[in-house]
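Notes to accompany the following structure.
In the working numbering, the protein residues as written are 41 to 532.
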């Protein structure tokens with residue numbers, strides 16, 4: 041882009057503005073700058089005729105801002121979390137993540153994220169009571185969780201279980217009782233917050249127990265949030281079962297670190313879906329489905345797989361060279377936002393060693409440390425500012441605690457429910473927010489005339505026979521069936 045120095049007369053007297061010259065028309069536009077941002081809708085005023093370009097470019101409707109994957113687009117105003125990626129800073133409502141991890145509890149942090157301030161004793165006691173009294177799910181919801189295939193992925197079960205909760209609370213569905221349900225009565229909103237925070241660990245524990253073929257455990261109130269979750273996962277027939285307090289604390293810290301992280305992929309999904317005023321259970325389910333992806337919630341499982349493939353410390357140098365040659369991928373390093381050390385990674389590394397003292401040293405930690413040290417000394421990684429992120433050590437902790445790798449995304453989803461609900465609540469109270477409807481740049485064909493199928497060419501422009509566009513994999517039940525003959529047998 042070429043910088044243009046317009047005449048003084050064209051410049052807005054307000055320094056907090058952006059002056060744009062549309063070279064197609066010669067018009068000057070002064071756009072206000074607020075919080076170091078400009079409104080994208082201001083560019084709609086920059087119109088021209090269609091003498092250049094196509095009708096589909098819609099030049100008469102103003103300029104659109106093209107930003108694939110939202111690399112530099114702010115879609116909302118938020119007061120929930122702040123990230124300084126260059127300096128490795130993460131704050132919840134202004135509080136450094138390091139202080140919260142050291143001094144707070146997950147439920148206290150959840151209250152902070154959702155309601156904006158740290159609770160006093162009375163507020164926290166009420167909040168904790170409500171959340172822990174909303175941990176039971178309907179019997180039919182339990183039956184649903186039992187109906188999945190024996191090898192169903194726990195995250196798929198979690199997504200489905202959360203979505204199903206909406207059908208058990210029709211009074212909380214705006215589609216049934218009015219679109220202004222949550223803006224007219226905060227008590228109804230609070231009820232769903234308690235339910236989702238309380239039931240998320242229950243649904244998660246059910247997905248784990250089903251996978252290993254054991255009956256579901258009922259929630260208990262006296263063990264706290266993380267302790268109750270561990271009890272639901274691990275208790276057999278013991279009475280007064282109490283998880284190890286240090287493991288409970290470690291999991292609570294991990295929950296704090298994963299509770300929110302600005303407008304990441306799943307949180308954007310939460311805001312996008314909830315902008316339609318759908319019920320929060322469906323919105324949380326959609327956010328969890330986004331978290332299910334390997335590039336988001338599945339990243340720490342990929343780290344474990346990578347470390348297992350490296351195997352031993354002496355193979356780290358060779359792995360580093362293969363990464364630099366782009367022969368393999370490096371997981372757990374780098375971040376879309378952080379260009380410095382992920383502050384959560386430093387805390388998790390400390391927690392990891394505390395867990396190892398209880399559960400035994402995870403053998404892959406030596407490989408992880410060697411990989412971390414080698415990368416931090418290598419110019420290739422230094423120039424690209426690739427530092428360990430939150431996924432690098434969290435997977436090692438979960439593995440040391442005995443969680444299977446396919447359960448890692450569920451452990452990520454449980455605390456992130458708090459962040460999703462915070463953004464849901466904030467979005468509903470933001471009068472500037474409408475239903476999300478991104479625009480596109482249409483680059484397809486212009487208007488075309490319909491051609492009947494019999495008249496369509498079956499050969500390409502160079503005269504070759506056109507190939508089918510669709511290919512798929514077809515599975516036979518067995519070889520006997522494949523060679524059998526019967527009426528209507530497909531030639532495919």
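Here a beta-carbon is modelled for each residue, glycine too, at the ideal position from N, C-alpha and C.
Query raised in the report: Span of the alpha helix (DSSP H) holding residue 180?
Result: 179-186
Query raised in the report: From which residue to which residue does the beta strand (DSSP E) around residue 132 run?
Result: 129-132
Report task. For residue 275, I'd like the list of residues in its chain whose CB is within less than 6 Å of its CB, leaving aside the five on either flank, ordered along the chain. Result -> 257 and 281
Query raised in the report: Can you tell me whether residue 328 is buried or exposed, with buried defined as 16 or more other CB within 10 angstroms of its CB?
Result: buried
Query raised in the report: CA-CA distance, residue 84 and residue 217?
Result: 37 Å
Query - residue 385, enclosing alpha helix (DSSP H) - first and last residue - result: 383-399
Report task. Report all residues from its chain with a CB closer than 8 Å to the CB of residue 315; omit the five preceding and five following residues, and keep chain order. Result -> 467, 473, 474, 475 and 476
**Report entry** Sheet register partners of residue 71 (DSSP bridge)
**Finding:** 58
Report task. Leaving out five residues on either side along the sequence, give the residues of the same chain with a beta carbon under 7 Å from the beta carbon of residue 90. Result -> 99 and 100
Query - Inter-residue spacing [alpha-carbon to alpha-carbon] between residue 317 and residue 214 - result: 7 Å
Requested in this report: Give the range of the alpha helix (DSSP H) segment to which residue 226 is assigned.
Outcome: 226-251
Query raised in the report: For residue 122, which three-state DSSP category applies?
Result: strand
Report task. Evaluate contact between the stretch 452-467 and the stretch 346-364, counting only Cβ atoms and requiring at least three cross-stretch pairs below 8 Å. Result -> no
Requested in this report: Enumerate in chain order the residues of its own chain whose CB-to-CB distance from residue 62 is below 6 Å, with the five nearest sequence positions on each side excluded.
Outcome: 86
Requested in this report: Quick one: grab the DSSP three-state call for residue 135.
Outcome: strand
Query raised in the report: Taking C-alpha atoms, which residue in 511, 212 and 112 lies nearest to residue 320?
Result: 212
Report task. Measure how close the beta-carbons of residue 462 and residue 300 come, nearest whole angstrom, since I'm counting them as under 8 Å. Result -> 6 Å
**Report entry** Rounded C-alpha distance that separates residue 339 from residue 428
**Finding:** 12 Å
Report task. Closer than 6 Å by C-beta to residue 205: which residues in its own chain qualify, once you throw out the five before and the five after it? Chain order, please. Result -> 321
Requested in this report: Measure the C-alpha to C-alpha separation of residue 290 and residue 94 and round it to an integer number of angstroms.
Outcome: 59 Å
Requested in this report: Decide yes or no for the touch test of the stretch 114-122 against the stretch 301-314: beta carbon pairs closer than 8 Å, at least 3 of them.
Outcome: yes
Report task. Identify, in the order they occur along the chain, each residue of the same chain with its Cβ nearer than 7 Å to the Cβ of residue 525, setting aside the five sequence neighbours on each side. Result -> none
Requested in this report: Taking only the alpha-carbon atoms, compute the straight-line gap between residue 244 and residue 103 and give it to the nearest angstrom.
Outcome: 46 Å
Requested in this report: Report the rounded CA-to-CA distance for residue 238 versus residue 175, giving the unit in angstroms.
Outcome: 4 Å
Query raised in the report: Roughly how many angstroms lie between the CA atoms of residue 420 and residue 364, to the nearest whole one?
Result: 7 Å
Query raised in the report: With which residues is residue 279 paired in a DSSP beta bridge?
Result: None; residue 279 has no bridge partner.
Query - Same chain only: Cβ atoms within 7 Å of residue 186, ignoring 5 sequence neighbours per side - result: 250
Query raised in the report: Can you tell me the Cα-Cα spacing of residue 254 and residue 226, whole angstroms?
Result: 39 Å
Query raised in the report: Whose CA, out of 203, 124 and 389, lies closest to the CA of residue 412?
Result: 389
Query raised in the report: So residue 455 is in the alpha helix (DSSP H); what residue range does that whole segment cover?
Result: 448-468
Query - Segment contact, 8 Å Cβ cut-off, at least three pairs: the stretch 167-181 with the stretch 478-488 - result: no
**Report entry** Contacting residues, own chain, Cβ-Cβ under 7 Å from residue 43 (five flanking each side not counted)
**Finding:** With a pLDDT of only 44 at residue 43, under 50, the local geometry of the prediction cannot be trusted, and the value read off the model is given with reservation. Cβ within range, chain order: n/a, list empty.
Query raised in the report: Whole alpha helix (DSSP H) runs in the stretch 352-378 with 4 or more residues, listed along the chain?
Result: 356-364
Query raised in the report: Using the C-alpha atoms, what's the distance from residue 527 back to residue 266?
Result: 59 Å
Query raised in the report: So what does DSSP say about residue 428, is it helix, strand or coil?
Result: strand
Requested in this report: Over the uninterrupted alpha helix (DSSP H) stretch that includes residue 322, give me the two end residues.
Outcome: 320-331
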